[in-house]
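Numbering (mature numbering (1 follows the signal peptide of the UniProt record, and there is no 0)), first residue to last: -21 to -1, 1 to 480.
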Amino acid sequence: MLKFKCANIVLLSFISFSCLGFSSQKPRIADNELAFHVKGEKDKISWTKVEGATEYVVKAYPGDTVYQARFGQGPMSEASQFSGVGNIFIPEYKSYSNSITIPNPRSDVRYLVVPCNQFGCADGIIADRIHASIYLHAIEEFSYSKGAVYPWESATIRWKSSGAHTVNLLKNGETYLTNLPTSGSVPVRINESTEYTVQTVGVGSVRTRSRTLLYKHAKIEAPINDSGFLMPLRNLGIDIIPRTLVKGSNRYLFVADKANNLHKVDYSKASPELVWSIPLGGKVVNKPLVEQGNLYFGVSKIDGSGDVCSLNVNYSTRKSCKTTTDAVIAGALAMDLYYGPRVVGSSIIFVSHKGLVLEYAPRLVELRKTSNLPVSMLSKSIIATPAINRREGRVYFQYQDVNSQETKLTSIKFSNSSGGGGSEPINPGDPGGDPGGDPGGPIVGPIDPPMLFSVAVPLRAPSKMEVAEFNEQSVNNDNMFEVEWTATVLDDSKQTGGQHE
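Laid out in C-alpha cells, this is it:
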C-alpha cells in the first residue's frame, strides 16, 4: 500500500495532483491580466499570458453584449441565454499565442479573450478597445520637389501621414497652413532659406518632421563669349556691336554695327558671306529676338524716340517698323497666349526707355495692349533685356536699387490667358493658402540658369508731370500685368558656398 503525504486530499470540483507533478486546474486569471483590442481595418487583439492556459478562445460580441457574456449569466453560458443577445451568432477564433489578427471586423465589435486548457476555461478578459492611430500614427513621407530654388522658382512640399486627425504645416517654427489633408502637397515660394515642418496630431500623440528649403540667390554671370564669330565678321569690314549678334537660323546670323546698320550673314560656308545690309533709323543695343521665323528688335533714335521692327529671317530684305514715342533699348520678348490650358497664339513684348510696355501681335501687325512699369522702377538702372517664362507670362526685370545699390530682381505677371487659365500672383514671403503651381515652362532669356543680362541702361527718371501723365494713361490702359515680388540678387563675389550651383 502506497503512502503519500497527499493521500488525504478530498476531491471537490477539481482534483489537484500537484504532488504527483501535474495539475488538473483550469487557467486562473490574476488581477493584472490585461487584453487590448487595436481597432483598425484589421483588428489586432493581444493579451498577457495566463498561467496554465494552453490556448485562447477569442469571441467577437456586438457592442456592449460582451459585458453580459462576461458578467451577466456566467462566462461560459450560451449567448441565447443572455437577455438582449437572443440568437445572435457569436464568431469564435482560436489562438495558441497571446495575440491574434482578425480581418474584416464589425465596426462595433468587442472581444472576450477566454484562456483554456484541457481541464476547462476561465472567465475571460474583456479587451480594452484602442484606436489603431495610437499605434499606427506616423509621418510616412515629407519631401520637396527640389531642394533649392532661385527667386523665380517654386517648390512643392509633399507629405503622407497615417493615424492623424489633424495635419498642419509650420514655417520656421510658426504656424503656416492648418487643417491640411492627411496626404497631399502644396507649392511654396521663398525669399530666404526656410525650414518647413509637417505636424500631425493623432490620438494621444503628436508627430513632426522638418526639412530646410534652400534659397539660391540669382547671380550675375560674365558676358557670353561670341569671339568665334567676331573676327570673321570684322574681316568683312563690319564694326559690329557684339551683344546684338543672334543666330536667325542654322544658316543665317544677324548683327548690328556701330554705324546703325543691320547685317545678314551666311555663316554656313567656310568663310562667312555678307548677304545684305540695311540702314536703321537709330541704334540697336541689345540682342534681337528670333521667334517663329521672324526677327524682332528695338531701335533707339537720337531724338529720344524709337522703333520696334520685325523681318523674316529667311526671305525678307525689308524691315517692318512701328514708331514709338520713346527709345526702345530692351530686347523683345515672346509670350504664349492661353485659352484655358490651350495655346491660342503669342505676343511680342517691348519695353521702352521710359517704362512703356507694348504688346504686339506677331509680325507687329497690331498693337494689342500698352501699360507702364511701376514708377518706383523708372529711376533705376535697368538691365535692359528682361527674361520671361512665356507659358506663365512672368517677366523678370533686373535693376539696381538707387538707395541700397543692391541689384534687385522683380517678377511681373502679365495677363496672358482668358477663359479660366490665369495664375494668381505669388509673394515669396507670404504665398497664402494655395500659392499656385510650379512655374512649369522654361524661363527664356538671361536667367534659368542665370546667364548674361544684356547692357544696363538707366531708365530715364520721369518728371512730376510725366508721372501724372503715366497715372492718367494707366487708367486708359488695359490691366496688362501686376508686380509679384522683388528679391535681392548677389554678385558672384558675394555668394557663399552652397547658395547656387
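Even for Gly, the Cβ is constructed at its ideal location relative to N, Cα and C. As the structure is a computational prediction, the values presented were derived from the model and not from experiment.
Close-in-space but distant-in-sequence residues of the same chain around Lys21 (CB under 6 Å, 5 per side omitted): Thr80, Pro82
Alpha carbon of His116 to alpha carbon of Glu153, nearest angstrom: 23 Å
Of the residues Gly227, Lys73, Lys5, Val225, the one placed nearest Ser25, counting alpha carbons only: Lys73
Thr33 to Val93 span [Cα, whole Å]: 11 Å
Phe233 - containing beta strand (DSSP E), residue span: From DSSP, the beta strand (DSSP E) with Phe233 extends over 231 to 235.
DSSP-derived helix/strand/coil call for Gly416: In this predicted model, Gly416 has a pLDDT of only 33, less than 50, meaning its place in the structure is not dependable enough to derive any value.
Nearest-angstrom Cα separation, counted from Arg347 out to Ala316: It should be pointed out that residue 316 corresponds to Leu in this sequence rather than to Ala. Straight-line measurement puts the Cα of Arg347 at about 12 Å from the Cα of Leu316.
DSSP state of Gly261 mapped onto helix, strand, coil: Looking at Gly261 - three-state DSSP - the assignment turns out to be coil, as it is neither helix nor strand.
N-terminal and C-terminal residue of the beta strand (DSSP E) that Lys38 is part of: 34 to 41
Per-residue DSSP class, three states only, for residue 483: This structure does not reach residue 483, given that the chain is present from -21 up to 480, and the question cannot be answered.
Euclidean distance between Cα positions of Val225 and Leu149: 48 Å
Phe68, DSSP secondary structure in three states: coil
C-alpha gap between Thr27 and Leu13, whole angstroms: 6 Å
Whole-number beta carbon distance between Ser133 and Val167, since they are thought to touch under 8 Å: 6 Å
Whole-number beta carbon distance between Ile118 and Arg186, since they are thought to touch under 8 Å: That pair is a contact at about 5 Å.
Strand pairing of Lys28, partner residues [DSSP]: Bridge pairing for Lys28: absent [DSSP].
Touching by the beta-carbon criterion (3+ pairs, under 8 Å), the segment 311 to 327 and the segment 290 to 298: No: the two stretches stay apart, fewer than three of their Cβ pairs being nearer than 8 Å.
Within 9 Å, strictly: CB atoms of Ser289 and Asp305: no
Reduced DSSP secondary structure (H/G/I, E/B, other) of Ser173: For the record, residue 173 in the displayed sequence is Thr; it is not Ser. DSSP places Thr173 in strand when its eight states are reduced to three.
Nonlocal neighbours in the same chain, by C-beta distance under 6 Å from Val254, ignoring five residues either side: Only residues of its own chain outside the window of five on either side were considered, and among them Lys243, Asp245 have a CB closer than 6 Å to the CB of Val254, listed in chain order.
Proximal residues to Leu312 (C-beta, below 6 Å), its chain only, five neighbours per side dropped: Ile328, Ile367
Alpha-carbon to alpha-carbon, Leu159 and Phe68: 42 Å
Residue burial classification, Asn351 (beta-carbon count within 10 angstroms, cutoff 16): buried
Pair within 9 Å by beta-carbon distance, Gln97 and Asn147: no
Boundaries (first-last residue) of the beta strand (DSSP E) holding Thr386: Per DSSP, the unbroken beta strand (DSSP E) holding Thr386 starts and ends at 386 to 393.
Identity of the residues DSSP links to Ile14 by a beta bridge: The question names Ile, but residue 14 is Ala in the sequence shown. Answer is Trp26, bridged to Ala14.
Under the three-state DSSP convention, the category Gly277 falls into: strand
The beta strand (DSSP E) enclosing Leu224, as first and last residue numbers: That residue, Leu224, is in no beta strand (DSSP E); it is neither H nor E in DSSP.
Cβ neighbour criterion (16 or more within 10 Å) applied to Pro144: For the sequence presented, residue 144 should be read as His rather than Pro. Exposed.
Classification of Glu174 by the beta-carbon crowding that lies within 10 angstroms, buried from 16 upward: exposed
DSSP three-state assignment for Ala311, whether helix, strand or coil: coil
Val37 beta carbon less than 9 Å from that of Glu71: Taking 9 Å as the Cβ cut-off, Glu71 and Val37 qualify as a contacting pair.
Bounding residues of the beta strand (DSSP E) (the contiguous stretch that carries Thr80): 78 to 82
DSSP state of Leu115 mapped onto helix, strand, coil: helix
For Ala127 and Gly277, the rounded distance between their alpha carbons: The straight-line gap from Cα to Cα measures roughly 36 Å.
Per DSSP, the bridge partner or partners of Thr179: Val146, Arg186
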